[in-house]
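K.L.:
Okay, here's the structure, questions in a sec.
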Amino acid sequence: MKINVKILRFDPEKDRRQHWETYQVEASPGDRVLDVINHVKWYIDPSLTFRRSCAHGICGSDAMLINGRNRLACKTLLQDVVKDGGTITAEPIRGLKVEKDLLVDMEPFFDAYRSIMPYFINDNPPPAGERLQSPEDAERMDQGSNCILCACCTTSCPIFWVNGSYIGPAAIVQAHRFIFDTRDAATQQRLNVMNQNTGVWRCRTAYNCTDACPRDIPVTQLIEEVKRAVMYQQA
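Positions in the sequence shown are counted from 1; adding 1377 to them yields our numbering.
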């Protein structure tokens, strides 16, 4: 089938603002959006800039707005977003500075991620064997462990769009993973981060984050669980 690939372009060296450019591509319904964007770069316009790595929905690097919705280009099939002769649109994810074309500056996103101390903390002497955890406790933190840091959830959040200081859904999901890890000893420090004016209380429960997650993490639910944990530690 023939489709039109409409991409929001921006080159800081020559453009004053973003603009649309459209490319006609021959493709198959089972192809991925990443395939046609690669085709545009490799065979039509090598100046096109975007980020991608594993191409298997693991690294999270090719997040972008596809037909107005945050998705991973490597997981989105053409048959799900366009028909023969139709048009798909690709834009950079919102709320982060556009460096060039579909490439955004991810540093503010990763700064928020680092702020919740996304690593195991326990200075107590290790036991003779493993640090054991019940299956029930492991299951509670399991969903947050599936996050691939693609930023789809955070950059779909209207609060993040207007307030870049908001820590964002992805960082809260990562905090959830450690807050509810019964083997970790830094729960209080992370709850303090969540309780700041840039933390969990900025969430307005829009559910955009849950809808945007390519790993089907119930992001809004995990945020609500962190809110309750913050309230309980204050009581």
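Glycine included, C-beta positions come from ideal geometry on N, C-alpha and C.
Can you tell me the Cα-Cα spacing of Leu1509 and Gly1445, whole angstroms?
P.N.:
For the purposes of this step, residue 1509 is identified with residue 132 of the sequence shown, where counting begins at 1. For the purposes of this step, residue 1445 is identified with residue 68 of the sequence shown, where counting begins at 1. When rounded, the distance between both Cα atoms is 44 angstroms.
K.L.:
Helix, strand or coil for Val1577? Go by DSSP, reduced to three states.
P.N.:
The residue you call residue 1577 lines up with position 200 of the sequence shown. Of the three classes helix, strand and coil, the one that applies to Val1577 here is helix, per DSSP.
K.L.:
If the criterion is Cβ atoms closer than 8 angstroms, does the pair Ala1489 and Ile1536 meet it?
P.N.:
Against the sequence shown, residue 1489 aligns to sequence position 112. Against the sequence shown, residue 1536 aligns to sequence position 159. Cβ atoms of Ala1489 and Ile1536: not closer than 8 angstroms.
K.L.:
Residues bridged to Ala1440 by DSSP?
P.N.:
Counted from its first residue, the sequence shown places residue 1440 at position 63. DSSP output for Ala1440 lists Leu1449 as bridge partner(s).
K.L.:
Go to Leu1385, then tell me how far its alpha helix (DSSP H) extends in each direction, as first and last residue.
P.N.:
Looking up residue 1385 in the sequence shown gives position 8. From DSSP, Leu1385 is part of no alpha helix (DSSP H) but of the beta strand (DSSP E) over Lys1379 to Arg1386.
K.L.:
Using the C-alpha atoms, what's the distance from Pro1495 back to Ala1515?
P.N.:
By one-based count along the sequence shown, residue 1515 stands at place 138. By one-based count along the sequence shown, residue 1495 stands at place 118. Each residue's alpha carbon lies about 17 angstroms from the other.
K.L.:
Should the segment 1394 to 1402 be regarded as contacting the segment 1443 to 1457, the criterion being three or more beta carbon pairs within less than 8 angstroms?
P.N.:
no
K.L.:
Where does Thr1531 fall in DSSP's three states?
P.N.:
As a first step, residue 1531 must be located in the sequence shown, where it is residue number 154. Annotated three-state conformation of Thr1531 is helix, per DSSP.
K.L.:
Compute the beta-carbon to beta-carbon distance between Lys1418 and Trp1397, rounded to the nearest angstrom, for a pair I have assumed lies under 8 angstroms.
P.N.:
In the sequence shown, residue 1418 corresponds to position 41, counting from 1. In the sequence shown, residue 1397 corresponds to position 20, counting from 1. Not really, about 17 angstroms apart at Cβ, beyond 8 angstroms.
K.L.:
Check the DSSP bridge columns for Thr1399 and list the partner residues they point to.
P.N.:
The sequence position of residue 1399 within the sequence shown is 22, counting from 1. Paired residues: Lys1383.
K.L.:
Tell me whether Pro1469 is buried or exposed, calling it buried when 16 or more other Cβ atoms sit within 10 Å of its Cβ.
P.N.:
Residue 1469 sits at position 92 when you count from the first residue of the sequence shown. Result: buried.
K.L.:
Give the DSSP-derived three-state secondary structure of Thr1587 in the structure shown.
P.N.:
Numbered from its first residue, the sequence shown carries residue 1587 at position 210. Helix, per DSSP.
K.L.:
Taking the straight line between their C-alpha atoms, what separation do you get for Ile1493 and Ile1594?
P.N.:
Along the sequence shown, read from residue 1 onward, the residue named residue 1493 stands at position 116. Along the sequence shown, read from residue 1 onward, the residue named residue 1594 stands at position 217. About 19 angstroms.
K.L.:
In this structure, what does DSSP give as the bridge partners for Thr1559?
P.N.:
What you label residue 1559 is simply residue 182 of the sequence shown in a count that begins at 1. DSSP, once it has assigned bridges, lists no residue as partnering Thr1559.
K.L.:
Along the chain, where does the beta strand (DSSP E) that runs through Ala1404 open and close?
P.N.:
As a working mapping, residue 1404 is identified with position 27 in the sequence shown. That residue, Ala1404, is in no beta strand (DSSP E); it is neither H nor E in DSSP.
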